């Protein structure tokens, strides 16, 4: 593996692949994830995009914002489509008709945790050689903020309302990283665009490894999370600082904390209370009310438990 | 006939029209650190020779750059 040591000046010299003037919301987290991932490319790259915000907002027929070969697939089959692209290029290469490109698939949490999971699991099991990037905004934002398998407990969505009978979603967020890592693939990692260097280095590792790689990036949604558009990056930073979304990677079965999460494991006093992350978001506003202090405490305990579990896996 | 279009800036028009507030850059304070560039959801921060420039054709005015600028070189003003 070549040494990849990105600097902002070096990255800024690279052409933008996702061009400005698309239809993603002001302050969208997904487009920051995509811009940063695409700064990690090493040569010709083919992009596969599941149905979702990212797809509908960047390819308003008959226009496209993607300055690279790009293929749209349904919610269900992003990983299968990417597998097909890799197989086709392998066949071309075998016949001496060209060299293989890198393949990156982008999908949201609906297309990954729920609808596209079977295709993803199959591709991981078959050892297909592509990077799968999950931008996780924790609900079906494109269709109107419905809960997904990624929505955390007590979050408001339009299908898990907050009222006297219920307080948002009652179920827990699916631990997708651990499920993906259990497929024993060469590389899996979590990332937050607030820690841009960590994200871009991980994306590059995912591109370079032979076989499947999985990058799970947190991705705020100001419409669905009900936050100020200017606070997008701050919230994605607080997700890491509170250990709600720990940064780690799993390379050939070995778990390792990275970046800020590694620092927090060494110096626990750096860990912020989860309320810092929750209070900027309207979808959790009920948890900040004094009468729901018990619920907030439960959320904090859940975050602590998950953090301890990840730390243990990472040998910290 | 197959309808095809080249990828281009402004596939959804001049999205700068969405703005209610606009980021204004104070070039005196800017150190060209490029944090605004890496965090811009739109890719509307352009890098020039020594300083950055904001592409008002496409900037949607989210305010991420103003929030992230360590030197407070970007402030949001009413459109």
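Protein chains in written order, with our numbering: chain F, 4 to 319; chain B, 20 to 98. Don't be surprised by glycine CBs; every beta carbon is placed ideally from N, CA and C. All of these numbers come straight from a predicted model, not from anything done at the bench.
Buried/exposed call for residue i, threshold 16 Cβ in 10 Å
| i | result |
| --- | --- |
| residue 132/F | buried |
| residue 4/F | Reliability of the predicted coordinates at residue 4/F is poor, the pLDDT of 48 falling under 50, and no value is obtained from them. |
| residue 207/F | buried |
| residue 193/F | buried |
| residue 105/F | buried |
| residue 135/F | buried |
| residue 3/F | Since the first residue shown for chain F is 4 and the last is 319, residue 3/F is missing from the structure and cannot be characterised. |
| residue 302/F | buried |
| residue 155/F | buried |
| residue 45/B | exposed |
| residue 43/B | exposed |
| residue 50/F | buried |
| residue 112/F | buried |
| residue 174/F | exposed |
| residue 33/F | buried |
| residue 157/F | buried |
| residue 369/F | With chain F covering only 4 through 319, there is no way to say anything about residue 369/F. |
| residue 169/F | exposed |
Nearest-angstrom beta carbon gap, residue j and residue i [assumed within contact, 8 Å]
| i | j | result |
| --- | --- | --- |
| residue 78/B | residue 38/B | 7 Å |
| residue 280/F | residue 238/F | 7 Å |
| residue 203/F | residue 9/F | 5 Å |
| residue 252/F | residue 315/F | Residue 252/F to residue 315/F, Cβ: 16 Å. No contact. |
| residue 196/F | residue 74/B | Not a contact, Cβ separation roughly 20 Å. |
| residue 30/B | residue 67/F | 6 Å |
| residue 268/F | residue 319/F | 4 Å |
| residue 291/F | residue 282/F | 5 Å |
| residue 163/F | residue 171/F | 5 Å |
| residue 317/F | residue 258/F | 4 Å |
Backbone secondary structure at residue i - three-state DSSP
| i | result |
| --- | --- |
| residue 324/F | Residue 324/F falls outside the range modelled here, since chain F spans only 4 to 319, and no answer is possible. |
| residue 42/B | strand |
| residue 250/F | coil |
| residue 190/F | strand |
| residue 81/B | coil |
| residue 285/F | helix |
| residue 302/F | helix |
| residue 20/F | coil |
| residue 29/B | coil |
| residue 116/F | helix |
| residue 160/F | strand |
| residue 46/F | coil |
| residue 309/F | helix |
| residue 133/F | coil |
| residue 93/B | strand |
| residue 233/F | helix |
| residue 4/F | Reliability fails at residue 4/F, whose pLDDT of 48 lies under 50, so the model's placement of it is uncertain and the value that follows must be treated cautiously. Reduced to three states, the DSSP call for residue 4/F is coil. |
| residue 216/F | strand |
| residue 75/B | coil |
| residue 277/F | coil |
| residue 166/F | coil |
| residue 198/F | coil |
| residue 148/F | coil |
| residue 318/F | coil |
| residue 267/F | helix |
| residue 58/B | helix |
| residue 37/B | helix |
Beta-carbon spacing of residue i, residue j below 8 Å
| i | j | result |
| --- | --- | --- |
| residue 241/F | residue 275/F | yes |
| residue 243/F | residue 264/F | yes |
| residue 286/F | residue 229/F | yes |
| residue 88/F | residue 107/F | no |
| residue 137/F | residue 62/B | no |
| residue 139/F | residue 219/F | yes |
| residue 70/F | residue 60/B | no |
| residue 56/B | residue 48/B | no |
| residue 122/F | residue 82/F | yes |
| residue 51/B | residue 233/F | no |
| residue 116/F | residue 86/F | no |
| residue 254/F | residue 190/F | yes |
| residue 120/F | residue 57/F | no |
| residue 297/F | residue 250/F | no |
| residue 53/B | residue 89/B | no |
| residue 55/F | residue 114/F | yes |
| residue 306/F | residue 246/F | yes |
| residue 260/F | residue 188/F | no |
| residue 212/F | residue 289/F | no |
| residue 97/B | residue 40/B | yes |
| residue 186/F | residue 124/F | yes |
### Query
If you pair each beta-carbon of the stretch 73-83 of chain F with each one of the stretch 143-157 of chain F, do three or more pairs fall below 8 Å?
A contact between stretches requires three or more CB pairs, one per stretch, nearer than 8 Å, and the stretch 73-83 of chain F fails this requirement with the stretch 143-157 of chain F.
### Query
Just checking, does the stretch 171-179 of chain F make contact with the stretch 16-29 of chain F on the three C-beta pairs under 8 Å criterion?
Verdict: no, contact absent.
### Query
Using 8 Å as the threshold, is the stretch 29-44 of chain F in touch with the stretch 91-101 of chain F, meaning 3 or more CB pairs across them?
With the cut-off at 8 Å, the stretch 29-44 of chain F and the stretch 91-101 of chain F do not touch.
### Message
Quick check: the stretch 23-34 of chain F against the stretch 28-48 of chain B, are at least 3 beta-carbon pairs closer than 8 Å?
### Response
At 8 Å Cβ cutoff, the stretches touch.
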